[in-house]
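Protein chains: 4
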Amino acid sequence: MPDDVGGIAAERLKSFIERIERLEEEKKGIADDIKDIYAEAKGTGFDTKIIRQIISLRKRPREERQEMEALLDLYKQALGMDV
Amino acid sequence: MPDDVGGIAAERLKSFIERIERLEEEKKGIADDIKDIYAEAKGTGFDTKIIRQIISLRKRPREERQEMEALLDLYKQALGMDV
Amino acid sequence: MPDDVGGIAAERLKSFIERIERLEEEKKGIADDIKDIYAEAKGTGFDTKIIRQIISLRKRPREERQEMEALLDLYKQALGMDV
Amino acid sequence: MPDDVGGIAAERLKSFIERIERLEEEKKGIADDIKDIYAEAKGTGFDTKIIRQIISLRKRPREERQEMEALLDLYKQALGMDV
DNA sequence: ATTGCGGTTTTTGCCC
DNA sequence: GGGCAAAAACCGCAAT
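Spelled out as structure tokens, the structure:
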């Protein structure tokens, strides 16, 4: 562990932190852009919640999705909920 | 809500989603870059948990100042001082 | 607006705040109990994520649920996703 | 995973869910009580937003102290001081 | 009255 | 798998 605070380790630490902070700002900028698009979509009449669902679904492998649905059905059945 | 699925609304929807997905990829790319830096820092011997704490602490003062200002404004408002 | 800080208004404010804080503690206690049950269910082999979905579904009126599903299908269709 | 839907697992699942739902109702009840107090405070002339801020500020020091202690521990750890 | 916004709580994903 | 940070859903408020 670099413990010579006055030496090079402190510099490195500072550098790491600043690089991370810089990237986090960029990340935040993009997040804001995404938010803008959702707002625009909403303004056009779309339901943003559904859009989020779609995007979420497109991320997951179809197989996994079906597995979760199957499990959900199973639980519903066990509870006597309408199948 | 645009319900002519085959028409222009579908195109718009597709466009929105693709724009969002594109930006999310970018965002993920940056998140990965950040991860890499943490890995590098760890490889250099730093404790990433501490680095996270430091970054969090550095972020807080910024937010906190804004919050305090907001509270001050609220007090002014509550006291009937012109805003 | 009660602005006589030294008078009864300050007392009332204090009282409100303490009552709220007391209730928030209770609320947190219950939230912890809920967490415990999820943990127990998980320990018994259940999938907590699905349980959460079930509970969420049981909260919503069936009609509303179907509406959302219909909208989701519509969007999927518009995007050419497997229907 | 217990898959004998008709058997005891279904009973257990049902039991877990009902216990959770019961507690969530209680929690909601308390949340409503809190809401009522805010309403009462508002009716008395107080600004609820300010009250929320105050409660939030009062909560913070508690959490912050714990956080600082945790950070201190981390530093000790990072410096190789026996934990 | 309706809708957008801010803040709070809940859920999800991630790293260890 | 358990704890922690980020994202999303939810709710009350305000402004129009």
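If you're matching them up, the sequences are chains A, B, C and D in order.
Counted from 1, the first sequence has number 58 at position 58 by my numbering; the numbering is strictly sequential.
Counted from 1, the second sequence has number 119 at position 19 by my numbering; the numbering is strictly sequential.
Counted from 1, the third sequence has number 218 at position 18 by my numbering; the numbering is strictly sequential.
Counted from 1, the fourth sequence has number 337 at position 37 by my numbering; the numbering is strictly sequential.
We put the CB at the ideal spot given by N, CA and C, even for glycine.
Worksheet item: Which bits of chain A does Ile317 (chain D) rub up against, with CB to CB less than 8 Å?
Response: Taking the fourth sequence and counting its residues from 1, the one referred to as residue 317 (chain D) is at position 17. Chain A residues near Ile317 (chain D): Leu79.
Practice prompt. With DSSP as the reference, label Gly43 (chain A) as helix, strand or coil.
Written response: Counting from 1 along the first sequence, the entry for residue 43 (chain A) is found at position 43. Note: Gly43 (chain A) maps to helix in three-state DSSP.
Worksheet item: Should the region 229-244 of chain C be regarded as contacting the region 308-320 of chain D, the criterion being three or more beta carbon pairs within less than 8 Å?
Response: yes
Practice prompt. Would you check if the distance between the CB atom of Leu79 (chain A) and the CB atom of Ile254 (chain C) is smaller than 8 Å?
Written response: Within the first sequence, the letter at position 79 stands for residue 79 (chain A). Within the third sequence, the letter at position 54 stands for residue 254 (chain C). Contact: yes.
Fill in: Per-residue contacts from Tyr75 (chain A) into chain C (C-beta, under 9 Å)
As a first step, residue 75 (chain A) is located in the first sequence; it is residue number 75 there, counting from the start. Going along chain C in sequence order, the residues near Tyr75 (chain A) (Cβ under 9 Å) are Phe246, Asp247, Ile250, Ile251, Gln253, Ile254.
Item to complete: With a 10 Å radius around its C-beta and 16 neighbouring C-beta atoms as the bar for buried, classify Leu357 (chain D) as buried or exposed.
Response: Here residue 357 (chain D) refers to the residue found at position 57 of the fourth sequence. Under this definition Leu357 (chain D) is an exposed residue.
Item to complete: Would you mind telling me which residues of chain A sit closer than 7 Å to Ala131 (chain B), beta carbon to beta carbon, in chain order?
Response: Against the second sequence, residue 131 (chain B) aligns to sequence position 31. Neighbours of Ala131 (chain B) on chain A, chain order: Lys27.
Discussion item. By the three-class DSSP mapping on this structure, what secondary structure does Gly329 (chain D) have?
Written reply: As a working mapping, residue 329 (chain D) is identified with position 29 in the fourth sequence. Here Gly329 (chain D) sits in helix by DSSP.
Discussion item. Does any residue of chain B have a CB that is nearer than 8 Å to the CB of Arg62 (chain A)?
Written reply: Within the first sequence, the letter at position 62 stands for residue 62 (chain A). No - not a single Cβ of chain B is within 8 Å of the one on Arg62 (chain A).
Worksheet entry | Cβ-Cβ distance between Ser324 (chain D) and Ile234 (chain C) below 8 Å | Translated into the one-based positions of the fourth sequence, residue 324 (chain D) becomes position 24. Translated into the one-based positions of the third sequence, residue 234 (chain C) becomes position 34. Per the sequence shown, the amino acid found at residue 324 (chain D) is Glu instead of Ser. Cβ atoms of Glu324 (chain D) and Ile234 (chain C): closer than 8 Å.
Worksheet item: Which residue comes first and which comes last in the alpha helix (DSSP H) that contains Met368 (chain D)?
Response: Within the fourth sequence, residue 368 (chain D) is the residue found at index 68, counting from 1. Here the alpha helix (DSSP H) through Met368 (chain D) covers 348-378.
Discussion item. With distance defined between alpha-carbon atoms, name the residue in A:Asp73, A:Ile20, A:Thr48, A:Leu72 nearest to Leu272 (chain C).
Written reply: Along the third sequence, one-based indexing puts residue 272 (chain C) at 72. The residue with the shortest Cα to Cα distance from Leu272 (chain C) is A:Thr48.
Worksheet item: Are there 16 or more other CB atoms within 10 angstroms of the CB of Tyr396 (chain D), so buried, or fewer, so exposed?
Response: Within the shown structure, residues of chain D are numbered from 301 to 383, placing residue 396 (chain D) beyond reach of any answer.
Fill in: Short CB-CB distance (under 8 Å) between Met301 (chain D) and chain C
Here residue 301 (chain D) corresponds to residue number 1 of the fourth sequence, with the count starting at 1. Note that Met301 (chain D) scores 49 on pLDDT, short of 50, meaning its location in the model is unreliable; the coordinates nonetheless yield the value given after this. Yes - at least one Cβ of chain C is within 8 Å of the one on Met301 (chain D).
Worksheet item: Can you find a CB in chain A that lies within less than 8 Å of the CB of Leu323 (chain D)?
Response: For the purposes of this step, residue 323 (chain D) is taken as the residue at position 23 of the fourth sequence. Judged by the 8 Å Cβ criterion, Leu323 (chain D) is not in contact with chain A.
Discussion item. Assuming contact is defined by CB atoms lying nearer than 8 Å, are Ile30 (chain A) and Lys127 (chain B) in contact in what I supplied?
Written reply: Here residue 30 (chain A) is taken as the residue at index 30 of the first sequence, counted from 1. Here residue 127 (chain B) is taken as the residue at index 27 of the second sequence, counted from 1. Contact: yes.
Fill in: Asp304 (chain D) (DSSP reduced to helix, strand or coil)
The residue given as residue 304 (chain D) occupies position 4 in the fourth sequence. Coil.
Item to complete: Starting from the beta carbon of Ala341 (chain D), find every residue of chain C whose beta carbon is closer than 7 Å, and list them in chain order.
Response: As a first step, residue 341 (chain D) must be located in the fourth sequence, where it is residue number 41. Near Ala341 (chain D) (Cβ distances below 7 Å), the residues of chain C are Phe216.
Worksheet item: In chain D, what lies closer than 7 Å to Leu272 (chain C) by C-beta?
Response: The residue you call residue 272 (chain C) lines up with position 72 of the third sequence. Neighbours of Leu272 (chain C) on chain D: none; closest Cβ ~25 Å, over 7 Å.
Discussion item. Is it buried or exposed, Ile8 (chain A), if we count other Cβ atoms within 10 angstroms and call 16 or more buried?
Written reply: Against the first sequence, residue 8 (chain A) aligns to sequence position 8. So Ile8 (chain A) counts as exposed.
Worksheet item: How would you list, in chain order, the residues of chain D whose beta-carbon sits under 7 Å from the beta-carbon of Leu213 (chain C)?
Response: In the third sequence, the residue the question calls residue 213 (chain C) occupies position 13. Residues of chain D passing the Cβ test: Phe346.
Fill in: Buried or exposed by the 16-neighbour rule on C-beta atoms within 10 Å, applied to Met301 (chain D)
Numbered from its first residue, the fourth sequence carries residue 301 (chain D) at position 1. Since pLDDT at Met301 (chain D) reaches only 49, below the 50 mark, its modelled position is unreliable, and no value is offered.
Worksheet entry | Through-space distance from Arg162 (chain B) to Ile351 (chain D), alpha-carbon basis | Here residue 351 (chain D) refers to the residue found at position 51 of the fourth sequence. Here residue 162 (chain B) refers to the residue found at position 62 of the second sequence. Cα to Cα, the separation comes out at about 22 Å.
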